[in-house]
Amino acid sequence: MIFRVANIPYEEVLIDRNNEWQQLQREMPLGTLPVLEIDGHKIGGTTAICRQLAWRFETAADDSIVDMLADFLHEAHISLKSWINAIQNVNNSEQDVSSSCKILMNV
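Going by full-length UniProt numbering, the first residue of the sequence shown is number 1, and it counts up by one from there.
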(Lines of atoms letter the chains of each structure in order from A and count residues from 1; the text may use other names and numbers.)
(Lines give C-alpha, C1' and ligand atoms only; values in the text may rest on other atoms or scores of the structure.)
Protein backbone atom coordinates (compact mmCIF):
# COMPACT_ATOMS: atom_id res chain seq x y z
CA MET A 1 0.00 0.00 0.00
CA ILE A 2 2.87 2.41 0.70
CA PHE A 3 4.12 1.92 -2.85
CA ARG A 4 0.66 2.88 -4.16
CA VAL A 5 0.39 5.95 -1.92
CA ALA A 6 3.83 7.12 -3.06
CA ASN A 7 3.06 6.28 -6.73
CA ILE A 8 6.17 4.08 -6.93
CA PRO A 9 6.18 1.15 -9.35
CA TYR A 10 6.81 -2.19 -7.65
CA GLU A 11 6.70 -5.89 -8.32
CA GLU A 12 4.47 -8.03 -6.14
CA VAL A 13 5.60 -11.65 -6.15
CA LEU A 14 3.06 -14.23 -5.05
CA ILE A 15 4.42 -17.45 -3.56
CA ASP A 16 2.76 -20.84 -3.99
CA ARG A 17 2.87 -22.17 -0.43
CA ASN A 18 2.38 -25.76 -1.60
CA ASN A 19 5.23 -25.86 -4.12
CA GLU A 20 7.63 -22.93 -3.64
CA TRP A 21 7.50 -21.87 -0.01
CA GLN A 22 9.49 -24.68 1.60
CA GLN A 23 12.53 -23.90 -0.55
CA LEU A 24 12.18 -20.11 -0.37
CA GLN A 25 11.64 -20.04 3.39
CA ARG A 26 15.30 -20.91 3.98
CA GLU A 27 16.36 -17.80 2.04
CA MET A 28 14.04 -15.39 3.86
CA PRO A 29 15.11 -13.23 6.80
CA LEU A 30 13.33 -14.60 9.87
CA GLY A 31 11.99 -17.40 7.63
CA THR A 32 8.78 -15.44 7.11
CA LEU A 33 6.95 -13.23 4.65
CA PRO A 34 6.58 -10.43 3.73
CA VAL A 35 10.07 -9.59 2.54
CA LEU A 36 11.26 -6.40 0.90
CA GLU A 37 14.30 -6.62 -1.36
CA ILE A 38 16.25 -3.45 -2.12
CA ASP A 39 19.53 -3.58 -4.04
CA GLY A 40 19.89 -7.30 -3.34
CA HIS A 41 19.31 -6.89 0.41
CA LYS A 42 16.28 -8.65 1.88
CA ILE A 43 14.55 -7.36 4.99
CA GLY A 44 11.73 -9.09 6.81
CA GLY A 45 9.25 -7.87 9.36
CA THR A 46 6.20 -5.88 8.39
CA THR A 47 6.94 -2.94 10.68
CA ALA A 48 10.57 -2.68 9.53
CA ILE A 49 9.44 -2.78 5.90
CA CYS A 50 6.79 -0.11 6.46
CA ARG A 51 9.22 2.17 8.29
CA GLN A 52 11.87 1.79 5.57
CA LEU A 53 9.39 2.60 2.80
CA ALA A 54 7.91 5.54 4.71
CA TRP A 55 11.41 6.94 5.18
CA ARG A 56 12.45 6.36 1.54
CA PHE A 57 9.28 7.84 0.09
CA GLU A 58 9.09 10.68 2.63
CA THR A 59 5.65 9.64 3.83
CA ALA A 60 6.70 9.29 7.49
CA ALA A 61 5.26 11.73 10.01
CA ASP A 62 7.26 14.75 11.14
CA ASP A 63 6.28 14.03 14.74
CA SER A 64 7.70 11.04 16.64
CA ILE A 65 4.44 10.66 18.61
CA VAL A 66 2.48 10.30 15.37
CA ASP A 67 5.05 7.75 14.17
CA MET A 68 4.68 5.86 17.44
CA LEU A 69 0.88 5.83 17.15
CA ALA A 70 1.15 4.57 13.57
CA ASP A 71 3.41 1.73 14.75
CA PHE A 72 0.97 0.96 17.57
CA LEU A 73 -1.98 0.80 15.18
CA HIS A 74 0.00 -1.40 12.83
CA GLU A 75 0.90 -3.84 15.62
CA ALA A 76 -2.71 -3.84 16.83
CA HIS A 77 -3.81 -4.68 13.28
CA ILE A 78 -1.39 -7.62 13.17
CA SER A 79 -2.65 -8.90 16.53
CA LEU A 80 -6.27 -8.54 15.47
CA LYS A 81 -5.59 -10.32 12.19
CA SER A 82 -3.94 -13.22 14.05
CA TRP A 83 -6.89 -13.41 16.43
CA ILE A 84 -9.38 -13.45 13.55
CA ASN A 85 -7.38 -16.16 11.77
CA ALA A 86 -7.40 -18.25 14.95
CA ILE A 87 -11.19 -17.95 15.20
CA GLN A 88 -11.67 -18.77 11.52
CA ASN A 89 -9.73 -22.01 11.88
CA VAL A 90 -12.78 -23.75 13.31
CA ASN A 91 -11.09 -27.11 12.76
CA ASN A 92 -8.60 -26.24 15.50
CA SER A 93 -9.33 -27.64 18.91
CA GLU A 94 -11.11 -25.40 21.41
CA GLN A 95 -7.89 -25.26 23.44
CA ASP A 96 -5.82 -23.93 20.50
CA VAL A 97 -8.26 -21.06 19.87
CA SER A 98 -8.46 -20.30 23.59
CA SER A 99 -4.66 -20.20 23.86
CA SER A 100 -4.40 -17.89 20.85
CA CYS A 101 -6.95 -15.53 22.36
CA LYS A 102 -5.10 -15.42 25.69
CA ILE A 103 -1.79 -14.68 23.99
CA LEU A 104 -3.29 -11.91 21.86
CA MET A 105 -5.13 -10.31 24.75
CA ASN A 106 -1.86 -10.06 26.71
CA VAL A 107 -0.09 -8.18 23.90
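All C-beta atoms, glycine included, are put in the ideal place defined by N, C-alpha and C.
- The three-state secondary structure of residue 75, taken from DSSP, is helix.
- Residues of the same chain with a CB within less than 7 Å of the CB of residue 54, apart from the 5 flanking positions on each side, are 2 and 60 in chain order.
- For residue 35, the enclosing beta strand (DSSP E) has its first and last residue at 35-38.
- Judged by pairs of C-beta atoms under 8 Å, the segment 69-80 touches the segment 43-51, as three or more such pairs exist.
- Excluding five sequence positions before and after residue 29, the CB atoms of its chain that fall closer than 8 Å to its own CB belong to 35, 42, 43, 44 and 45, given in chain order.
- Given a length threshold of 3 residues, each whole run of the beta strand (DSSP E) inside the UniProt domain "GST N-terminal" (1-61) is given here in chain order: 35-38 and 41-44.
- Secondary structure of residue 89 (DSSP, three-state): coil.
- The beta carbon of residue 21 sits closer than 6 Å to the beta carbons of 15 from its chain, once the five residues preceding and following it are set aside; these are given in chain order.
- Take the alpha-carbon of residue 70 and the one of residue 57: they are about 16 Å apart.
- Assigned with DSSP and collapsed to three states, residue 63 falls in coil, not helix or strand.
- By alpha-carbon distance to residue 11, the top candidate from 80, 68 and 38 is 38.
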